[in-house]
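Colleague:
In UniProt numbering, the protein residues as written are 1 to 186.
Laid out in structure tokens, this is it:
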């Protein structure tokens, strides 16, 4: 039995996903999913996209496979989304304070701070942040930042005028919030 098959057996037994790299011409591309069945020659994978949703079944000739990934950070995040689809893709109700006529970026940042809402901010300087607005002045915002996997990523002080977009409660911010909630509960 090959090392690949050992990983396939473990993934099936633990109901975990694997990543399959089979195109040497594009080594950065890979498929993620649940092992349905396998032999010494072929793997059948129930493919799950980056959003945690099933996209179909795909077979791989094991002679083409040059790497199998198991339990890495990316795969764990896809598993997390797949196991929490109802919470990650829950319908979002627009809070009444976001429907004001005098809407502005400083106002959105202040509401995020007041309501302790994790937001995604992109800037005109091509930087972006997931985090909580912890302090806000007329000119600057202090963000408590997190990675897309819910890992604390330090503080960032940015100019308010540089904020291009404020994303309030999308699937990525909800995944981070779920990670943080699970960390605080146990």
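Beta carbons are placed, not taken as given, at the ideal position from N, Cα and C, and that holds for glycine.
Kindly give me the distance between the Cβ atoms of residue 130 and residue 146, rounded to whole angstroms, as I take these residues to be in contact under 8 Å.
Modeller: Numbered from 1 along the chain shown, position 130 holds the residue referred to as residue 130. Numbered from 1 along the chain shown, position 146 holds the residue referred to as residue 146. With 8 Å as the limit, residue 130 and residue 146 qualify as a contact, their Cβ atoms being about 5 Å apart.
Colleague: Run through DSSP, which three-state label would residue 60 get?
Modeller: Indexing the chain shown from 1 puts residue 60 at position 60. Three-state DSSP puts residue 60 in a strand.
Colleague: Relative to the alpha-carbon of residue 16, which residue among 127, 80, 62, 53 has its alpha-carbon at the smallest distance?
Modeller: What you label residue 16 is simply residue 16 of the chain shown in a count that begins at 1. Selected option, being the one with the closest Cα: 80.
Colleague: Below 8 Å CB to CB, which residues in the same chain sit around residue 7 once its five sequence neighbours on both sides are set aside?
Modeller: By 1-based counting over the chain shown, the position of residue 7 is 7. Hits under 8 Å: 18, 68, 70.
Colleague: Considering only the alpha carbon of each residue, which of 65, 113, 142, 58 lies closest to residue 48?
Modeller: On the chain shown, position 48 is the one that residue 48 refers to. Here the closest residue by C-alpha is 58.
Colleague: Is DSSP giving residue 50 helix, strand or coil here?
Modeller: Taking the first residue of the chain shown as position 1, residue 50 is located at position 50. Three-state DSSP puts residue 50 in coil, outside helix and strand.
Colleague: Using the C-alpha atoms, what's the distance from residue 42 back to residue 114?
Modeller: Start at 1 with the first residue of the chain shown, and residue 114 comes out as number 114. Start at 1 with the first residue of the chain shown, and residue 42 comes out as number 42. Rounded to the nearest angstrom, the two C-alpha atoms are 54 Å apart.
Colleague: Give me, in chain order, the residues of the same chain whose beta-carbon lies closer than 6 Å to that of residue 88; leave out the 5 immediate sequence neighbours on both sides.
Modeller: Translated into positions along the chain shown, residue 88 becomes position 88. Cβ neighbours of residue 88 beyond the five flanking positions: 81, 171, 174, 175.
Colleague: Considering only C-alpha positions, which residue in the set 103, 91, 122 is nearest to residue 158?
Modeller: Position 158 of the chain shown, counted from the first residue, corresponds to residue 158. If we check each option's Cα against that of residue 158, 122 comes out closest.
Colleague: If you check the beta carbons only, do residue 24 and residue 66 fall under 8 Å apart?
Modeller: On the chain shown, position 24 is the one that residue 24 refers to. On the chain shown, position 66 is the one that residue 66 refers to. Their beta carbons are under 8 Å apart, which means residue 24 touches residue 66 by this criterion.
Colleague: List the residues that DSSP assigns as beta-bridge partners of residue 144.
Modeller: The residue given as residue 144 occupies position 144 in the chain shown. Answer by DSSP bridge pairing, in chain order: 132, 155.
Colleague: Look up residue 86 in the DSSP assignment and give the residues it is bridged to.
Modeller: As a first step, residue 86 is located in the chain shown; it is residue number 86 there, counting from the start. For residue 86, which the question treats as bridged, DSSP gives no partner whatsoever.
Colleague: Check residue 24 in the structure and name its three-state DSSP category.
Modeller: The residue you call residue 24 lines up with position 24 of the chain shown. It is coil, neither helix nor strand.
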